[in-house]
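Undergrad: Please find one structure pasted underneath; my questions will follow.
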Amino acid sequence: MGTPRQINRHWLRSDGQIDLEAEFASRGMRTTAAQLKLLGRVASSWIELELLPSGKNRSLWKCCPNASECWDSLGPERKPPKRRGGITLPWVGPHYPQSRVTLMGLNLVRSGGLLDEINITSDTINSFRQGRSSVWHGSRTFQHRSAGMLAAVLAAIDGDDIPEELPPVEELEAALLRTARIQAIKCSPWGDGASKPSSAMKRNCLPSFMPAEISVLKPSVVLVAHSEARGRLWYAAGKPKWDDKPGLTVGKAELEGHEFTVLGVTHPSDRGGHWNQSWKRLIDYLQQRGDELVIS
Numbered sequence: 012m013g014t015p016r017q018i019n020r021h022w023l024r025s026d027g028q029i030d031l032e033a034e035f036a037s038r039g040m041r042t043t044a045a046q047l048k049l050l051g052r053v054a055s056s057w058i059e060l061e062l063l064p065s066g067k068n069r070s071l072w073k074c075c076p077n078a079s080e081c082w083d084s085l086g087p088e089r090k091p092p093k094r095r096g097g098i099t100l101p102w103v104g105p106h107y108p109q110s111r112v113t114l115m116g117l118n119l120v121r122s123g124g125l126l127d128e129i130n131i132t133s134d135t136i137n138s139f140r141q142g143r144s145s146v147w148h149g150s151r152t153f154q155h156r157s158a159g160m161l162a163a164v165l166a167a168i169d170g171d172d173i174p175e176e177l178p179p180v181e182e183l184e185a186a187l188l189r190t191a192r193i194q195a196i197k198c199s200p201w202g203d204g205a206s207k208p209s210s211a212m213k214r215n216c217l218p219s220f221m222p223a224e225i226s227v228l229k230p231s232v233v234l235v236a237h238s239e240a241r242g243r244l245w246y247a248a249g250k251p252k253w254d255d256k257p258g259l260t261v262g263k264a265e266l267e268g269h270e271f272t273v274l275g276v277t278h279p280s281d282r283g284g285h286w287n288q289s290w291k292r293l294i295d296y297l298q299q300r301g302d303e304l305v306i307s
């Protein structure tokens, strides 16, 4: 297959070629060989699935095999502008291979650049270092709360004390560097507000493309931070029996022969009290059964 560097030479975008190691370095972020290898393998799977046709980063509404079915109901005004709306590499932290803890969302908001997840995490880390929990105007609490939940899962795996309260942002950079983030649906329709996927996107995307990502990343734990993403994962995994209670879903899923633990939580941007309930249920579960998450 070649090294990640050899693969990267074919990841083309509008302004030329992409060297992942250099892209991370330009953002002040260190890399590891294992991290770059995983990202290279994910990109290779996108090329095989025609989501990066011939290694070129094109809008998914132009190149995806399901494009016509998924986009026709939305209308032309929802298609991202030229040179946007392509497949996005997952965020994979440099120390992810040692933890294999992954956050899954539904999709990115008005996005679709190959390196958008890397840009998002870089911005988040910089904000956290400055003590700011709101990374962008209007982003509310997603980054802080999701990183705090990941930190709690990591503490359980490490055998450390589980935090009762959401940790301050200054303590959460390590959680981002030890985890990955993926999106159940790859397309991000354009428009005001959330990038709401079409029904066809919800039906087609996760079972078509998520298995390849899971096969490469081989997560031990997937923290699913969106109810629709959790539902689609449940269908794609063959409707396994999960313990589904308000605020927390716990179960096992299998994709491409790889089994992992699913922890379904309330969306971190919830404006009501539901997320607080979800946090407490997650902490209770980790305190009582967190040792079951230890990687064998």
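12 is the number of the first residue of the sequence shown in the working numbering; add one for each residue after it.
Backbone N, C-alpha and C fix where the C-beta goes; we use that ideal spot for every residue, glycine too.
If I follow the unbroken alpha helix (DSSP H) through A167, where does it start and stop?
TA: F153 to D169
Undergrad: From the DSSP output, read off the bridge partner residues of L234.
TA: L114 and L274
Undergrad: Is the CB-CB distance between L62 and C74 below 9 Å?
TA: yes
Undergrad: I'd like the span of the beta strand (DSSP E) that includes V261, first residue to last.
TA: L259 to L266
Undergrad: Are the CB atoms of I136 and L100 within a distance shorter than 9 Å?
TA: no
Undergrad: In terms of alpha-carbon separation, which member of I225, V53 and K213 lies closest to L125?
TA: V53
Undergrad: Who are the near neighbours of A248 in its chain, counting only those whose CB is closer than 7 Å to its CB and skipping five residues on each side?
TA: A264, E265 and L266
Undergrad: CB-CB under 8 Å to L117, same chain, minus the five flanking residues each way: which ones, in chain order?
TA: In its chain, beyond the 5 residues on either side, Q194, A195, I196, P208, H237, E239 and A240 have a beta carbon closer than 8 Å to the beta carbon of L117.
Undergrad: How do the segment 253–263 and the segment 211–222 stand: do at least 3 beta-carbon pairs fall below 8 Å, yes or no?
TA: no
Undergrad: Between the segment 164–176 and the segment 86–105, do at least 3 Cβ pairs fall closer than 8 Å?
TA: Using a Cβ-Cβ distance cut-off of 8 Å, the segment 164–176 and the segment 86–105 are not in contact, since fewer than three pairs of beta carbons, one from each stretch, lie closer than that value.
Undergrad: Closer than 8 Å is the cut-off here; do at least three beta carbon pairs connect the segment 287–297 with the segment 154–166?
TA: yes
Undergrad: Give the DSSP bridge partners of D203, in chain order.
TA: DSSP output for D203 lists no bridge partner at all.
Undergrad: In terms of residues, what are the limits of the alpha helix (DSSP H) holding D295?
TA: Secondary structure note for D295: its alpha helix (DSSP H) is the uninterrupted segment H285 to R300.
Undergrad: Taking V164 and L49 to be in contact with their CB atoms under 8 Å, please state how far apart those CB atoms are, rounded to whole angstroms.
TA: Contact flag wrong, Cβ pair sits at about 19 Å.
Undergrad: Nearest CA to the CA of R192: which residue from P230, N77 and W201?
TA: Distances from the alpha-carbon of R192 to those of P230, N77 and W201 put P230 closest.
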